[in-house]
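Below: the structure, in structure tokens.
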Amino acid sequence: CSWSFSERLLASTPLPLPSPLGNFDGILRQLDEAEDRAWREALNLAIRTGGEEITKTLLRIVKFDFRQIHEALLVAVDTNQPTVVKLLLDRLDQEKGRKMDIKSFSSALFDNSIDNSRFAPGVTPLTLACEKDLYEIVDMLMKKGHAIPGPHKVSCSCLECSNGRKFDLLKFSLSRINTYKGIASRAHLSIASEDAMLTAFKLSRELKSLSKKEPEFKPEYLALEQLCQEFAFELLGMCRNQSEVTAILNDDFNDQAFEEGIPNLARLRLAVNYNQKQFVAHPICQQVLSSIWCGSLQSWRGSTNLWKVFISSSIFMGMPFLCLLYYVAPRSKVGGLCQGITHRPLPSQRGLGLFSP
Numbered sequence: 001c002s003w004s005f006s007e008r009l010l011a012s013t014p015l016p017l018p019s020p021l022g023n024f025d026g027i028l029r030q031l032d033e034a035e036d037r038a039w040r041e042a043l044n045l046a047i048r049t050g051g052e053e054i055t056k057t058l059l060r061i062v063k064f065d066f067r068q069i070h071e072a073l074l075v076a077v078d079t080n081q082p083t084v085v086k087l088l089l090d091r092l093d094q095e096k097g098r099k100m101d102i103k104s105f106s107s108a109l110f111d112n113s114i115d116n117s118r119f120a121p122g123v124t125p126l127t128l129a130c131e132k133d134l135y136e137i138v139d140m141l142m143k144k145g146h147a148i149p150g151p152h153k154v155s156c157s158c159l160e161c162s163n164g165r166k167f168d169l170l171k172f173s174l175s176r177i178n179t180y181k182g183i184a185s186r187a188h189l190s191i192a193s194e195d196a197m198l199t200a201f202k203l204s205r206e207l208k209s210l211s212k213k214e215p216e217f218k219p220e221y222l223a224l225e226q227l228c229q230e231f232a233f234e235l236l237g238m239c240r241n242q243s244e245v246t247a248i249l250n251d252d253f254n255d256q257a258f259e260e261g262i263p264n265l266a267r268l269r270l271a272v273n274y275n276q277k278q279f280v281a282h283p284i285c286q287q288v289l290s291s292i293w294c295g296s297l298q299s300w301r302g303s304t305n306l307w308k309v310f311i312s313s314s315i316f317m318g319m320p321f322l323c324l325l326y327y328v329a330p331r332s333k334v335g336g337l338c339q340g341i342t343h344r345p346l347p348s349q350r351g352l353g354l355f356s357p
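Numbering (UniProt numbering), first residue to last: 1 to 357.
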């Protein structure tokens, strides 16, 4: 069945007419290319239709080159078939060796023979798996040594970037964007990063900068930047109790408090520095800031506006006396209350004032 299937594909492939000058070498080369193309289409179709046994048979009896395995891997990832992905990765290990094949994925950018591929330029199996958030396949590829190298700077003039621009400028730019799609995905941030939240902050700022340096692709970069902000926002929303919130918002390596009695909130201040408005506006962050701002006056939040105006006016009028009392007995119970009234609101108000548009 598989043989007749491939013969029909070969018969449907248009072949060039014989040259009147007798260019038999060229004809033979075209025949070989047509046969390779037919086997490649047969393998891709078997994978896409879920024919695992046919796929195993084709891999066993046909010698596929790297480009054919590369596209077959993309098809297997696109259809979310981890078993087939493992088969193809094992085949790569048997053919040329793992390291050589991994490096060869970047050469697809300069390969004219795969221009008819349905996949975008620069897309590798790992970037496609990351873009689709296929965690099992991403983990499988990374354990095999696959990685997504960060694109060079826009102004980079190295040999690789220069050749890419000269070969096909649009293809080169799309390759960069597709690479960033893989890097900014939830799967890649979760699996490849030791500190996923910090990586999302940095990548968000980098993508925001790229949207200004490459204005022709500004919508694409801003969409990816929004994904990074949403990832950090959702990661914070997974906290189930106050101890987890404290572990995320405070720097474990720096136990020094921001101010006496106030946690350092290193991660929150870092989010402000990286202009992560969505993260700072998260209800959990706002609850933490409100609890610090109110201090021992937790009943303040449930008070009426008239009562708040009365208390604020009283504090304003008695501020000199409160400051003197705090100066005389800063560690007393009354001094702690004065500290919450006079000192705690100021840093938060300054930070919110600078951060707000």
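Built from N, CA and C at the ideal position, the CB exists for glycine as well.
CA nearest to the CA of residue i, picked from the options
{"i": "Phe87", "options": "Glu53, Ala120, Arg67", "result": "The identity of residue 87 in the sequence shown is Leu, whereas the question assumes Phe. If we check each option's Cα against that of Leu87, Glu53 comes out closest."}
{"i": "Ser155", "options": "Met142, Lys213, Ile191, Trp293", "result": "Lys213"}
{"i": "Gly122", "options": "Phe321, Asp90, Leu74", "result": "Leu74"}
{"i": "Glu230", "options": "Gln286, Arg240, Phe201", "result": "Phe201"}
{"i": "His152", "options": "Val138, Leu210, Lys144, Val309", "result": "Leu210"}
{"i": "Ser193", "options": "Lys166, Ser173, Val138", "result": "Val138"}
{"i": "Glu225", "options": "Thr79, Asp133, Gln276, Phe316", "result": "Gln276"}
{"i": "Asp133", "options": "Val84, Val77, Tyr221, Asn163", "result": "Val77"}
{"i": "Arg118", "options": "Phe172, Asn44, Met140, Ile148", "result": "Asn44"}
{"i": "Thr246", "options": "Pro215, Arg67, Val288", "result": "Val288"}
{"i": "Gly150", "options": "Lys144, Thr199, Lys171, Gln94", "result": "Thr199"}
{"i": "Met238", "options": "Glu206, His282, Ala223", "result": "His282"}
{"i": "Ile47", "options": "Val62, Phe64, Asp65, Thr79", "result": "Thr79"}
{"i": "Leu207", "options": "Ala196, Asp195, Glu220", "result": "Glu220"}
{"i": "Ala120", "options": "Gln242, Lys171, Lys308", "result": "Lys171"}
{"i": "Leu270", "options": "Met197, Ser162, Gly145", "result": "Met197"}
Residue i vs residue j beta-carbon contact at 9 Å
{"i": "Cys228", "j": "Leu203", "result": "yes"}
{"i": "Leu235", "j": "Leu249", "result": "no"}
{"i": "Ile292", "j": "Pro263", "result": "yes"}
{"i": "Arg67", "j": "Arg40", "result": "yes"}
{"i": "Ile315", "j": "Leu322", "result": "yes"}
{"i": "Met140", "j": "Leu89", "result": "yes"}
{"i": "Ser173", "j": "Phe217", "result": "yes"}
{"i": "Arg186", "j": "Tyr274", "result": "no"}
Beta-carbon separation (whole angstroms), residue i vs residue j, contact threshold 8 Å
{"i": "Ala38", "j": "Leu58", "result": "Contact doesn't hold; Cβ gap of about 11 Å is too wide."}
{"i": "Cys130", "j": "His70", "result": "With 8 Å as the limit, Cys130 and His70 do not qualify as a contact, their Cβ atoms being about 17 Å apart."}
{"i": "Phe279", "j": "Ala232", "result": "5 Å"}
{"i": "Pro82", "j": "Glu160", "result": "That pair is no contact at about 32 Å."}
{"i": "Met142", "j": "Ile191", "result": "6 Å"}
{"i": "Val84", "j": "Thr55", "result": "6 Å"}
Within-9 Å CB hit, residue i to chain D
{"i": "Val328", "result": "Of the chains in the structure shown, none is chain D; there is only one protein chain."}
For the region 127 to 146 against the region 173 to 181, are there 3 or more C-beta pairs whose distance is under 8 Å? Contact between the region 127 to 146 and the region 173 to 181 is present, because at least three Cβ pairs lie under 8 Å.
Jot down the residue ranges of each uninterrupted alpha helix (DSSP H) in the region 30 to 100, minimum 4 residues, whole runs only, in chain order. Under the rule that a run must span 4 or more residues, the alpha helix (DSSP H) segments found entirely inside the region 30 to 100 read 52 to 61, 66 to 78, 82 to 95.
Quiz prompt | Complete runs of the beta strand (DSSP E) confined to the UniProt domain "Transient receptor ion channel" (156 to 218) [at least 3 residues] | solution = none
Ignoring anything shorter than 3 residues or poking outside the region 112 to 151, list the beta strand (DSSP E) runs there in chain order. none
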